[in-house]
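**Student:** Chains A and B are the protein sequences, given in the same order.
With the first sequence counted from 1, adding 28 to any position gets you our numbering.
With the second sequence counted from 1, adding 2 to any position gets you our numbering.
Dropping the structure in here first, questions after.
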Amino acid sequence: MQVTIDVFRFDPEKDQKPHFDQFVVEAEPVDRVLDLLEKIKDYHDGSLTFRRSCAHGVCGSDAMRINGVNRLACKVLVQDVGTRIKVEPILGLKVKRDLIVDMEPFFDHYKSVLPYFINDEAPPEKERLQSPEARERFDDTTKCILCAACTTSCPSFWSDSAYVGPAAIVNAHRFIFDDRDQGAAQRLEILNQQMGVWRCRTAFNCTEACPRDIHITQAIAEVKKAITSGKLD
Amino acid sequence: MATRQVKISQNYETIAWKWMRYSAILLIPLVFGHVLLQDVIVGVYEINADYVARRLGTWFFQAYDIALLGFAFAHGVNGLRQVLRDFIHNPKTFRLVSIALFIFWAAITAYGGIAIVMAVNAKLASL
Ligand code: FES
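Structure below.
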């Protein structure tokens, strides 16, 4: 089958403003949008620029807007989006070139919530044991691959990029509710600022955008509850 | 599994968020009570100046209506504040806007409260 694909193009060295290039490519229904982009780059226009690494939904580098929805290009099949496809960079972060955006502000927000294990007690001889139930408490938020599909689908983030964003909150949640960690209070103080969880208006865009099906809005609500109640379970 | 606890300082944002939730819970009985009384028990065609004057002649309904006005309006103004936050990116400007909105709320609620108490007493006196 033939697929017509409109791709967002912007080369800061040549273009005043972005435009769309149209390509017609041969594809199988089970091809992924990433395959089409590879085909364009290999056979039509070698200057097309996009990120990809694992090509299997693990590394999170190829989040983009496909027909208006934030998806991973490596997880979307042609048969699911049809033969007219529009591909654009994710919104709210500065476009560096074509489908590549500047991820630095996104990772700055991520770093701001202390997304690492904090526990100053001397570790036991073997390992810090945890019950299956306690592990289950934050299982969902361990799945994040930092693709930014959620944060760049969030209207609060579009309106003000100072908002820490759903992805950072998800990664804070992963440690806040880990009973081996002791940094919950610190993280909750950070997220209790105006640019923290309170910017979330429960639009649910993040939950829909997440390629890992994380219940993001729920995770944010749990963090809000932990802040207001002071309870971590 | 014992509940782990943390102490998080409550700031303006926390209070505003809680306020939205608690005022909403309070609004449900207030609004439904109001709708039930005005639209079902009394009926819209029976509502005239005399009825309003008699209803508001009781302390209970004066307090009820002032609470309804204050809570509903605060709920709405805080919502407006949230919406404005999308457009005002300077924290200082936003602080000023928040203060202005609070004064706006207090003034309208006070004006409404005075109208409910004073105007009704005046009307009752003339009956
Ligand atoms: S290329 Fe790694 S997630 Fe798509």
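Just so it is clear, CB atoms sit at the ideal spot from N, CA and C, and this is done for glycine as well.
#1: Name the chain A residues that come within less than 9 Å of N13/B, Cβ to Cβ?
#2: For E15/B, which option in V8/B, S100/B, A108/B has the closest C-alpha, if you only look at C-alpha atoms?
#3: By DSSP, does I10/B sit in helix, in strand, or in coil?
#4: Which word fits I22/A, buried or exposed, when buried means at least 16 other C-beta atoms lie within 10 angstroms of its C-beta?
#5: State the beta-bridge partners of L100/A as determined by DSSP.
#6: In the DSSP assignment, find the alpha helix (DSSP H) that holds D108/A and state where it starts and stops.
#7: Counting along the chain, where does the alpha helix (DSSP H) carrying A221/A start and finish?
#8: I'd like to know whether the C-beta of I101/B is nearer than 8 Å to at least one C-beta of chain A.
#9: By the criterion of Cβ-Cβ separation under 8 Å, what are the contact partners of K20/B in chain A?
#10: So what's I242/A in DSSP terms, helix, strand or just coil?
#11: Please report the residue range of the beta strand (DSSP E) in which I146/A lies.
#12: Examine the ligand FES and report whether any of its heavy atoms sits within less than 7 Å of the Cβ of V86/A.
#13: Which residues share a DSSP beta bridge with Q40/B?
#14: DSSP state of R156/A, grouped into three classes?
#15: Shortest alpha-carbon distance to F166/A belongs to which of V198/A, Y144/A, N147/A?
#16: Take K103/A and list the residues in its own chain whose beta-carbon comes closer than 6 Å to its own, dropping the five residues that flank it on each side.
#17: Along chain A, which residues have their Cβ under 8 Å away from the Cβ of R6/B?
#18: Quick check: what's the CA-CA separation for N98/A versus C178/A?
#19: If you drop the 5 nearest sequence neighbours on each side, which residues of the same chain put their C-beta closer than 8 Å to that of Q40/B?
#20: Determine contact between the region 213-230 of chain A and the region 175-195 of chain A, defined as no fewer than three beta-carbon pairs at a distance below 8 Å.
#21: Tell me, please, whether the CB atom of L216/A is closer than 8 Å to any CB atom in chain B?
#22: What residues of chain A sit near K9/B, judged by a beta carbon separation below 9 Å?
#23: Under three-state DSSP, which class holds K253/A?
#24: For E132/A, count neighbouring C-beta atoms within 10 Å of its own C-beta (all shown protein chains included) and say buried if the count is 16 or more, exposed if not.
#25: Check whether the Cβ of C238/A sits closer than 7 Å to any heavy atom of the ligand FES, and report yes or no.
#26: Looking at the structure shown, is F51/A part of a helix, part of a strand, or coil, going by DSSP?
#27: Please report whether the beta-carbon of H36/B lies at a distance below 8 Å from any beta-carbon of chain A.
#28: Got a sec? Which residues, its chain only, sit under 6 Å from N233/A by beta carbon, not counting five neighbours each side?
#29: Do D90/A and the ligand FES come close, with the Cβ less than 7 Å from some heavy atom?
#30: When the Cα of D34/A is compared with those of V61/A, E56/A, Y144/A, K45/A, which residue comes out closest?
#31: Comparing the C-beta of D148/A with each C-beta of chain B, is any distance below 8 Å?
#32: Can you tell me whether A195/A sits near the ligand FES, meaning its C-beta is under 7 Å from at least one heavy atom of the ligand?
#33: Taking just the CA atoms, how far does N80/B sit from A65/B?
**Tutor:** On the basis of the data shown:
#1: N220, Q221, Q222
#2: S100/B
#3: In the structure shown, I10/B sits in coil (DSSP, three-state: anything other than H, G, I, E or B).
#4: Nothing about residue 22/A can be read from this structure; chain A reaches only from 29 to 261.
#5: A91/A
#6: 106-109
#7: Here the sequence assigns Gln to residue 221/A, which means Ala is not the residue at that position. Note, Q221/A: premise wrong, no alpha helix (DSSP H); not H, not E.
#8: I101/B does not count as touching chain A.
#9: T256
#10: coil
#11: Run containing I146/A: none; DSSP gives neither H nor E here.
#12: yes
#13: Looking at the DSSP assignment, Q40/B forms no beta bridge with any residue, so it has no partner.
#14: coil
#15: V198/A
#16: G85, P239
#17: D207, A212, K259, L260, D261
#18: 8 Å
#19: V46, I49
#20: Note that the region 213-230 of chain A touches the region 175-195 of chain A; at least 3 beta-carbon pairs, one per stretch, sit closer than 8 Å.
#21: yes
#22: Near K9/B (Cβ distances below 9 Å), the residues of chain A are A213, G258.
#23: helix
#24: Classification of E132/A: exposed, given that the 10 Å Cβ count is below 16.
#25: no
#26: strand
#27: no
#28: S181, C182
#29: Yes, since a heavy atom of the ligand FES falls inside the 7 Å radius drawn around the Cβ of D90/A.
#30: Here the closest residue by C-alpha is V61/A.
#31: For D148/A, no CB of chain B lies under 8 Å from its own CB, so it is not counted at the interface with that chain.
#32: A195/A Cβ: outside cutoff for every heavy atom of the ligand FES.
#33: 22 Å
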